[in-house]
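K.L.:
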Amino acid sequence: MALPLFSRTRTATEPEFAPEPWPEIGETWKPEGVIVSQRFLGLAGAVVLVYTAEAGVNGVYYAVGCLGCTYLTRSKGGDHYISSEQTAGEIANAHAAQCRALPRDLPPRPDDATAREIVGRRLHRERRSDHDVTVHLTAFHLDRLALQRSTAWIEEELQRLADEKPEILTAKPRTYGTGTEFTILRFPKR
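Position 183, counted from 1, in the sequence shown is what the numbering used here calls 971; the numbers after and before it change by one each time, with no gaps.
#1: In whole angstroms, what is the alpha-carbon distance linking T861 and V852?
#2: Using three-state DSSP, classify V907 as helix, strand or coil.
#3: So the candidates are G821, T816, W817; which of them puts its Cα closest to the Cα of R937?
#4: Just to confirm, is the Cβ distance from T926 to I972 under 9 Å?
#5: For Q947, collect the residues of the same chain with a Cβ closer than 7 Å to its Cβ; drop the 5 residues on either side in sequence, then sort them by chain order.
#6: Alpha carbon to alpha carbon, what distance is there between D918 and L933?
#7: What is the rounded straight-line gap between the Cα of P895 and the Cα of H924?
#8: For a cutoff of 9 Å on Cβ pairs, would you count L894 as touching chain C?
#9: Is Q947 helix, strand or coil when you go by DSSP?
#10: Indicate whether V824 and V838 have their beta-carbon atoms separated by less than 9 Å.
#11: Reducing DSSP to helix, strand and coil, say where A889 ends up.
#12: Assign D920 to one of two classes, buried (16 or more other C-beta atoms within 10 Å of its C-beta) or exposed (fewer than that).
#13: Specify, as a first and last residue, the run of the alpha helix (DSSP H) that L933 falls within.
#14: Go ahead and pull the three-state DSSP assignment for A884.
#15: With H, G and I counted as helix, E and B as strand and the rest as coil, what does DSSP make of E969?
#16: Report the rounded CA-to-CA distance for A841 versus Q826, giving the unit in angstroms.
#17: Buried or exposed: where does P819 fall if 16 or more other Cβ atoms within 10 Å of its Cβ makes it buried?
#18: Are A832 and R892 close, meaning C-beta to C-beta below 9 Å?
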């Protein structure tokens, strides 16, 4: 008498396996105010982004940010802003090839008070003691992933700061083109 090879029959309903959804680590993330043009995957799974914002009066500039470690750059070697997507991609690819950071949770969108603090910190970093500095929106490229705000919001915030703190920031109509030009005034002499 031969027993059937696979004689076990299903008598009870077994729950079907449903895997947990993969957490978002940046593969499709599109924060407000940021245009992601390229994504690279680091060695341990962190996503490296090449991104820009709306083209301003000075043209389109790119930044590179890693969502796993703290790597952020808007320049290639010194003070030269990244003006081509290809160059930004090369920088991002080089970082991804050596980054061993694990993916982290995406940064949550901050409330308006926190976003205003981020703008204030950026202005403080850009401020100098020997000369006034014209504020370009590209100065905020490094903060765009944390800010998650549109260019219009940043310009409105700069206008608000110019109205509230004219000893730090001034606003005047652009000499060429349309819009407003903002200038960070130098630190007062002691």
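The beta-carbon is built from N, C-alpha and C at its ideal position, and this holds for glycine as well.
P.N.:
So, to answer that:
#1: One Cα belongs to T861, the other to V852, and the distance between them is close to 5 Å.
#2: Under the three-state reduction of DSSP output, V907 falls in the helix class.
#3: Nearest option by C-alpha distance: G821.
#4: Cβ distance not < 9 Å, so T926 and I972 don't count as in contact.
#5: Cβ neighbours of Q947 beyond the five flanking positions: A959, T968.
#6: The straight-line gap separating the alpha-carbon atoms of L933 and D918 is approximately 30 Å.
#7: C-alpha separation (whole angstroms): 24 Å.
#8: Structure shown: chain C not included; a single protein chain is present.
#9: Q947 carries a helical assignment under DSSP once its states are collapsed to helix, strand and coil.
#10: Yes, these two residues count as a Cβ contact at 9 Å.
#11: Coil, per DSSP.
#12: Counting Cβ neighbours within 10 Å, D920 comes out exposed, since fewer than 16 surround it.
#13: Looking at the DSSP string, the run of the alpha helix (DSSP H) that includes L933 is 932-935.
#14: If DSSP states are grouped into helix, strand and coil, A884 belongs with the helices.
#15: E969 carries a strand assignment under DSSP once its states are collapsed to helix, strand and coil.
#16: So the alpha carbons of these two residues sit roughly 13 Å apart.
#17: It is buried - the Cβ of P819 has at least 16 other Cβ atoms within 10 Å.
#18: When the beta-carbon positions are compared, A832 and R892 stay at least 9 Å from each other.
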